[in-house]
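To start, the structure itself, in structure tokens.
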Amino acid sequence: DAGVTQSPTHLIKTRGQQVTLRCSPKSGHDTVSWYQQALGQGPQFIFQYYEEEERQRGNFPDRFSGHQFPNYSSELNVNALLLGDSALYLCASSHQGSYEQYFGPGTRLTVT
Amino acid sequence: GQQLNQSPQSMFIQEGEDVSMNCTSSSIFNTWLWYKQDPGEGPVLLIALYKAGELTSNGRLTAQFGITRKDSFLNISASIPSDVGIYFCAGLVSGSARQLTFGSGTQLTVLP
Chain A
1 DAGVTQSPTH LIKTRGQQVT LRCSPKSGHD TVSWYQQALG QGPQFIFQYY EEEERQRGNF
61 PDRFSGHQFP NYSSELNVNA LLLGDSALYL CASSHQGSYE QYFGPGTRLT VT
Chain B
113 GQQLNQSPQS MFIQEGEDVS MNCTSSSIFN TWLWYKQDPG EGPVLLIALY KAGELTSNGR
173 LTAQFGITRK DSFLNISASI PSDVGIYFCA GLVSGSARQL TFGSGTQLTV LP
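If you're matching them up, the sequences are chains A and B in order. One point on numbering: in our numbering, the residue at position 109 of the first sequence is 109, and numbering is uninterrupted. One point on numbering: in our numbering, the residue at position 19 of the second sequence is 131, and numbering is uninterrupted.
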């Protein structure tokens, strides 16, 4: 049973560029949440997708956007990258009826 | 927004010792989750708590949902080297679309 997978593992971008990160949820899960984890801190909620719609959003600017596909996989897009966007981006999946979220290994984004 | 205060920030213990850490909040949570994160990886779910006063075990780990619903505790008995890592508490607020709020983590080091 495959767990949550994310790609790519690492990414280096230049300030002002755009980036797309991808996530495949655990088998049987239909809800995907994205979190940003800065070095030395706990993950911060970005947004959550269910039934291909953004269901809730954390305190992140509109430069952060996402999408969920019919197969429940999801993308996180960040436009106009800033140095402060450098972080580990985590995807978590869950089933609609459960509060338990299972995390992928993350994508390490470095903005130079 | 909600904040979780997690303590201690770091712990150095001898192999075989018991460990206790806790999480407190000014807000009420209706679900508490405890995660462990190893370097370069995503958080792994250890224990989920759903009722005030609930005590749940997972092997050598025991967690409790505080009576006031504003705190939670994690105990690790007879620590071993593979317990090394960062432990995070995470809470879900009543009515939330499953947005997790994380503490800042407890870095555990187990000395041989």
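The beta carbon of each residue, even a glycine, is placed where N, CA and C say it ideally should be. On a predicted model such as this, the values are computed, not experimentally measured, just so you know.
Cross-chain neighbours of residue i in chain B, by beta carbon under 8 Å
i	result
Tyr-102 of chain A	Leu-157
Leu-90 of chain A	Gly-154 and Pro-155
Through-space distance from residue j to residue i, alpha-carbon basis
i	j	result
Pro-43 of chain A	Glu-52 of chain A	23 Å
Leu-223 of chain B	Gly-3 of chain A	31 Å
Ser-74 of chain A	Gly-28 of chain A	15 Å
Gln-159 of chain A	Tyr-50 of chain A	The first residue shown for chain A is 1 and the last is 112, placing residue 159 of chain A beyond what the model contains.
Gln-18 of chain A	Gln-41 of chain A	24 Å
Arg-108 of chain A	Gln-176 of chain B	33 Å
Leu-81 of chain A	Ser-169 of chain B	43 Å
Phe-60 of chain A	Gly-203 of chain B	19 Å
Tyr-89 of chain A	Gly-215 of chain B	17 Å
Ser-194 of chain B	Gly-154 of chain B	16 Å
Beta-bridge pairing of residue i - partner residues as DSSP gives them
i	result
Gln-48 of chain A	A:Ser-33 and A:Gln-56
Val-22 of chain A	Here residue 22 of chain A is Arg; the residue named in the question, Val, does not match the sequence. Bridge partners of Arg-22 of chain A: A:Ser-7 and A:Glu-75.
Gln-68 of chain A	A:Ser-74
Thr-168 of chain B	B:Ala-175
Asn-187 of chain B	B:Ser-132 and B:Thr-174
Neighbour flag for residue i against chain A, beta carbons, 8 Å
i	result
Phe-141 of chain B	no
Phe-62 of chain B	With chain B running from 113 to 224 in the structure shown, residue 62 of chain B is simply not present.
Gly-217 of chain B	yes
Glu-153 of chain B	yes
Phe-211 of chain B	Reading off the sequence, residue 211 of chain B comes out as Gln, not Phe. Chain A, which has a Cβ nearer than 8 Å to the Cβ of Gln-211 of chain B, makes this yes.
Phe-200 of chain B	yes
Ser-186 of chain B	Per the sequence presented here, residue 186 of chain B reads as Leu, with Ser not at that position. Chain A contact via Cβ: absent.
Chain B contact for residue i (CB, 8 Å cutoff)
i	result
Gln-41 of chain A	yes
Gly-97 of chain A	no
Phe-45 of chain A	yes
Ser-93 of chain A	no
Thr-68 of chain A	Note on identity: in this sequence residue 68 of chain A is Gln, with Thr being the wrong assignment. No, Gln-68 of chain A does not count as interfacial toward chain B.
Gln-36 of chain A	no
Chain-ordered chain B contacts of residue i [CB-CB under 9 Å]
i	result
Ser-74 of chain A	Chain B residues near Ser-74 of chain A: none, gap ~15 Å exceeds 9 Å.
Pro-105 of chain A	Gly-152, Glu-153 and Gly-154
Gly-16 of chain A	Those within 9 Å of Gly-16 of chain A in chain B number zero; the least Cβ separation is about 27 Å.
Contact list for residue i against chain A, beta-carbon separation under 8 Å
i	result
Arg-181 of chain B	Within chain A, no residue comes near Arg-181 of chain B; the closest Cβ sits about 14 Å away, beyond 8 Å.
Ala-160 of chain B	Tyr-99 and Glu-100
Closer than 7 Å at the beta carbon, the chain A residues around residue i
i	result
Leu-167 of chain B	None at all; the shortest Cβ gap to chain A is about 18 Å.
* Tell me, please, whether the region 22 to 41 of chain A touches the region 64 to 82 of chain A by the rule of three or more beta-carbon pairs shorter than 8 Å. => yes
* Asked: Would you call the region 101 to 108 of chain A and the region 137 to 156 of chain B in contact, with 3 or more CB pairs under 8 Å?
  -> yes
* Asked: With contact counted as at least three CB pairs below 8 Å, one residue from each stretch, are the region 85 to 93 of chain A and the region 179 to 193 of chain B in contact?
  -> no
* Asked: Using 8 Å as the threshold, is the region 118 to 126 of chain B in touch with the region 17 to 27 of chain A, meaning 3 or more CB pairs across them?
  -> no
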